[in-house]
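Have a look at the structure below before the remarks.
Protein chains: 2
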Amino acid sequence: MESYKIPKRSVERLSIYKRILKVIMDAGFTTVSSSELAERAGLNPAQVRKDLVYFGQFGTPGMGYQVSTLHRAITRIMGLHKKIPVALAGAGNLGQALLSYQGFKDRGFIIESIFDNDPEKVGKMKNGIKIRNEKNSSSEIKDKKIKVGIISTPSSAAQSIANKLIEGGIKGILNFAPIELKVPSGIIVVNVALCEKLEMLSYYLSKRKIL
Amino acid sequence: MESYKIPKRSVERLSIYKRILKVIMDAGFTTVSSSELAERAGLNPAQVRKDLVYFGQFGTPGMGYQVSTLHRAITRIMGLHKKIPVALAGAGNLGQALLSYQGFKDRGFIIESIFDNDPEKVGKMKNGIKIRNEKNSSSEIKDKKIKVGIISTPSSAAQSIANKLIEGGIKGILNFAPIELKVPSGIIVVNVALCEKLEMLSYYLSKRKIL
DNA sequence: CGAAATTTGTGAATATTATCACAAGGAATT
DNA sequence: AATTCCTTGTGATAATATTCACAAATTTCG
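Protein sequences appear in the order of chains A and B.
For the first sequence, the working numbering gives the first residue as 1, with consecutive numbering after it.
For the second sequence, the working numbering gives the first residue as 1001, with consecutive numbering after it.
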């Protein structure tokens, strides 16, 4: 159990398995095979089994996996069995969309602080929280002991707000700004590359003379 | 030039190089080395060179790459030198954020149609475009000859709207819904996994006993 | 209970991706 | 023009990731 070094890709897929397991569970099935999971995730069955074995032996030969047990196990492995307070930096359009994004709530990510540098926005309420000036972000995060931040500011503001968040004790950042944040070691940054994905699409379509 | 099989990852990074080149260009530099690019992108210099060579020989030994030339070349390779009309399905919070997302506009992606199935929303104007009933999406897309679609609906609606978009002639889909879309071969789907990224962050932080 | 049918977990084999290391090309300097 | 200094492009090597293939475990069925 708990192997030495788990591939990043396997961790990413864990999330996918969890999502699919939820669907299967809600459909009333109690067990599922690696091939069924693979089919639904668009992957190879051996890969599904290998991924799961990194975290423990969940399966029963001849039968497959217990859906609810596996779902619960993955939830726990990923640390999603408890609520996670989150700070949001940038209350623009994207930030506001994220604020009301059901997917985050469903998974226990609770946005507890919102920061912006626009005086127009500071002081206003959003989802029951007052938008604070980003100057005060460090201390507020420290007080509230928040460890996860989401950056949805323009690129120009991203690095400086990242620094403030980290100063306040943030250890992980979900970054929507299209820049490579420079952070001290020990801080985890996960980038969401909105434009890049669309550009990729453009590339593949152009290559096929579709665009 | 134009090698047989280009790694998906290299294509993704092309986008990153383009973004960095723009910054370097705006800062007034005319040439850049692979190590400078690598440094800024958080990559290995050899990888940068290998990536670029898939698409042509752009560099000069002893000097590096001509910033503007390379930027223009990548833009063209990715098919981003012309405007690309896009259809948006799902005018919820996320959809509205994407509508006003400057990054898309800057890169020439122009949202020309918006669809939703909520009668409350249908008929209303957004960014100068009338939100249409998603029932009519196929024909409208056909008329407007749109080839790229963005899906920002809830998961439950995603597959059915994807089918309609494809019926109307959409060849590439940027999918924000957390499900694996089933599409005919020849249709390209690029997924943006919002929750999965945040869950990954949760996993790594939990593992380090931070959460 | 025994045989047939599944399906896991996993070592071995492939395939893919990233890095190293260096010859060769070109610029800068003397 | 010769020398030095860079930096590219690339073959070789190393690291990662995926898939195959099968023994072992377990269920199901007769």
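Idealized CB from N, CA, C, for every residue including glycine.
- At the C-beta level, alanine 1087 (chain B) and glycine 1149 (chain B) come within 7 Å of one another.
- Taking 7 Å as the CB threshold, asparagine 1093 (chain B) lines the interface with chain A.
- Here the alpha carbon of arginine 1009 (chain B) sits roughly 15 Å from the alpha carbon of leucine 194 (chain A).
- Methionine 1200 (chain B) is positioned such that its CB atom lies closer than 7 Å to that of valine 11 (chain A).
- Taking C-beta separations shorter than 7 Å and ignoring five residues to either side along the sequence, the partners of valine 67 (chain A) in its chain run Leu21, Ile24, Met25, Phe29, Thr30, Thr31 and Val32, following chain order.
- For tyrosine 1054 (chain B), DSSP records no beta bridge to any residue.
- Counting along the chain, the unbroken alpha helix (DSSP H) around aspartate 1026 (chain B) starts and ends at 1008 to 1026.
- A Cβ of chain B is located within less than 7 Å of the beta carbon of proline 178 (chain A).
- Under the Cβ criterion of 7 Å, serine 1035 (chain B) is not counted among the residues facing chain A.
- Excluding the 5 residues flanking it on each side, leucine 1014 (chain B) has same chain C-beta neighbours closer than 8 Å at Asp1051, Phe1055, Ile1074, Ile1077 and Met1078, in chain order.
- With respect to proline 178 (chain A), arginine 1019 (chain B) sits close: the two C-beta atoms are nearer than 7 Å.
- Taking a beta-carbon distance threshold of 7 Å, glutamate 167 (chain A) does not count as an interface residue toward chain B.
- By the Cβ neighbour-count rule, asparagine 1175 (chain B) is buried, with 16 or more other Cβ atoms within 10 Å of its own.
- By the Cβ test, the stretch 1108 to 1122 of chain B is in contact with the stretch 1079 to 1098 of chain B, since at least three Cβ pairs between them sit closer than 8 Å.
- Arginine 132 (chain A) is bridged by DSSP to A:Phe115.
- With 16 or more other CB atoms across the displayed protein chains lying within 10 angstroms of its CB, aspartate 1116 (chain B) is buried.
- For phenylalanine 1109 (chain B), the chain A residues whose Cβ falls inside 7 Å of its Cβ are Leu198, in order along the chain.
- Under the three-state reduction of DSSP, asparagine 1044 (chain B) is assigned to coil, being neither helix nor strand.
- The C-alpha of serine 1160 (chain B) is placed about 10 Å away from the C-alpha of lysine 1182 (chain B).
- Taking 7 Å as the threshold, the shortest C-beta distance from isoleucine 188 (chain A) to chain B falls below it.
- Under the three-state reduction of DSSP, methionine 1200 (chain B) is assigned to helix.
- Straight across, the Cα-Cα distance linking glycine 95 (chain A) with proline 1119 (chain B) is about 26 Å.
- Take lysine 1144 (chain B), set aside five residues on each side of it, and the residues of its chain with a beta-carbon closer than 7 Å to its own are Pro1085, Glu1112 and Ser1113, in chain order.
- With a threshold of 7 Å between beta carbons, valine 1067 (chain B) makes no contact with chain A.
- With respect to leucine 205 (chain A), leucine 211 (chain A) sits close: the two C-beta atoms are nearer than 7 Å.
- Within the stretch 142 to 157 of chain A, those residues whose Cβ lies closer than 7 Å to any Cβ of chain B are, in chain order, Lys147 and Val148.
- In this structure, DSSP gives glycine 95 (chain A) a helical state, which the three-state scheme calls helix.
- Listed by position along chain B, the residues whose Cβ is nearer than 9 Å to that of glutamine 57 (chain A) form an empty set, because the closest Cβ is around 19 Å away.
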